[in-house]
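Novice:
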């Protein structure tokens, strides 16, 4: 597998407009898209630094992973996403290394990328998403 | 101020060798340097994806910010670092915006960069480092 870079940092927030003020208006990071990723129970606002994105995440449902995170830890960094060249090869390789993946196969995440998450118990406490960009 | 990109993600760990196994050996992210940043009470191992770095941080002292973080939350993402074009301009601008900076002026961080931290209470729960690279 080949890591191509940090694709984004996912930040769980309670209010998109309020959080947008800091990342977009104060820091001046360009807003690029809003995406509704129903499979993960989130709506995300995406801001692009030009070298890595900031994704603000709000929960769509009271039992979504983001809702549970916000309830237990409050707003803050939820996950980091690394871009890979080929998600299927990454899944095969990581499974062979006994890395604990969440789910058995890639799903479609924000921006239509093919994604899978690595469980924090395999990474030292960090929820790591791997993403292959759409062709 | 101008954000140039995600410079790195700082991850607090208890054991550099053990954590290095995942980021370097399994994910294959290239190790580039070890840096002793005594002012922040940390030793950091730096891994470069080519588009954003992973910095693993261990505490040098029992009362350092990283030691306190590990004691209260365990290993995991400690901060994110955004590269800026000019740290002095960023400090002046953010102060005018009533953003809560930690300290009044930039200090020298890992890799000799000029850095300052933004308090999580101004960012929605995220410890944000700003860094200007050495010329």
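Protein chains in written order, with our numbering: chain A, 1 to 135; chain C, 1001 to 1135.
C-beta atoms are modelled at their ideal positions from N, C-alpha and C, and glycine is treated no differently.
1. Can you tell me whether residue 24 (chain A) is helix, strand or coil according to DSSP?
2. I want to verify the contact list: residues of chain C whose CB lies under 9 Å from the CB of residue 10 (chain A), in sequence order.
3. Under the three-state reduction of DSSP, which class applies to residue 1053 (chain C): helix, strand or coil?
4. On the DSSP letters alone, give me the boundaries of the alpha helix (DSSP H) that residue 1029 (chain C) sits inside.
5. If contact is defined by three or more beta carbon pairs under 8 Å, each pair taking one atom from either stretch, is the region 85-93 of chain A in contact with the region 23-39 of chain A?
6. In chain A, which residues lie with their C-beta within 9 Å of the C-beta of residue 1019 (chain C)?
7. Answer yes or no: does any C-beta atom of chain A fall closer than 8 Å to that of residue 1033 (chain C)?
8. By Cβ distance, which residues of its chain are closer than 8 Å to residue 100 (chain A), with the 5 residues on each side in sequence left out?
9. Could you pull out every residue in the same chain whose Cβ sits closer than 7 Å to the Cβ of residue 1061 (chain C), ignoring the five residues on either side in sequence?
10. Compare the C-alpha of residue 74 (chain A) against each of A:80, A:58 and A:131 and name the closest.
11. State buried or exposed for residue 1012 (chain C), treating a residue as buried only when at least 16 other CB atoms are found within 10 Å of its CB.
12. Could you give the DSSP three-state label for residue 1094 (chain C): helix, strand or coil?
13. Nearest to residue 76 (chain A) by alpha carbon, out of C:1083, C:1069, C:1127 and C:1133?
14. Rounded to a whole number of angstroms, what is the C-alpha to C-alpha distance between residue 1 (chain A) and residue 10 (chain A)?
15. Closer than 7 Å, Cβ to Cβ, to anything on chain C: give me those residues from the region 56-81 of chain A, in chain order.
16. In angstroms, rounded to a whole number, what distance separates the CA positions of residue 108 (chain A) and residue 115 (chain A)?
Specialist: So, to answer that:
1. Within the first chain, numbered from 1, the residue matching residue 24 (chain A) stands at position 24. Helix, per DSSP.
2. As a working mapping, residue 10 (chain A) is identified with position 10 in the first chain. In chain order: nothing, as chain C lies at least about 10 Å away.
3. Taking the first residue of the second chain as 1, we reach residue 1053 (chain C) at position 53. Residue 1053 (chain C): strand per DSSP, three-state reduction.
4. Locating residue 1029 (chain C) in the second chain gives position 29, where the first residue counts as 1. Counting along the chain, residue 1029 (chain C) falls outside any alpha helix (DSSP H), and DSSP gives it neither H nor E.
5. no
6. Along the second chain, one-based indexing puts residue 1019 (chain C) at 19. What residue 1019 (chain C) touches in chain A: 123 and 124.
7. By one-based count along the second chain, residue 1033 (chain C) stands at place 33. So no, residue 1033 (chain C) is outside the interface.
8. As a working mapping, residue 100 (chain A) is identified with position 100 in the first chain. Answer for residue 100 (chain A): 118, 119, 121 and 122, listed in chain order.
9. In the second chain, residue 1061 (chain C) corresponds to position 61, counting from 1. Only 1041 and 1067 meet the Cβ criterion.
10. In the first chain, the residue the question calls residue 74 (chain A) occupies position 74. Nearest C-alpha to residue 74 (chain A): A:58.
11. Working through the second chain from its first residue, we reach residue 1012 (chain C) at position 12. Looking at its Cβ environment, which holds 16 or more other Cβ atoms inside 10 Å, residue 1012 (chain C) is buried.
12. On the second chain, residue 1094 (chain C) is found 94 positions in, with the first residue counted as 1. If DSSP states are grouped into helix, strand and coil, residue 1094 (chain C) belongs with the helices.
13. Locating residue 76 (chain A) in the first chain gives position 76, where the first residue counts as 1. Comparing Cα positions, the closest option is C:1127.
14. For this step, residue 1 (chain A) is matched to residue 1 along the first chain. For this step, residue 10 (chain A) is matched to residue 10 along the first chain. The alpha-carbon atoms of residue 1 (chain A) and residue 10 (chain A) are separated by roughly 22 Å.
15. 74, 75, 76, 77 and 80
16. Walking along the first chain from the start, residue 108 (chain A) turns up at place 108. Walking along the first chain from the start, residue 115 (chain A) turns up at place 115. Roughly 6 Å separates the two Cα atoms.
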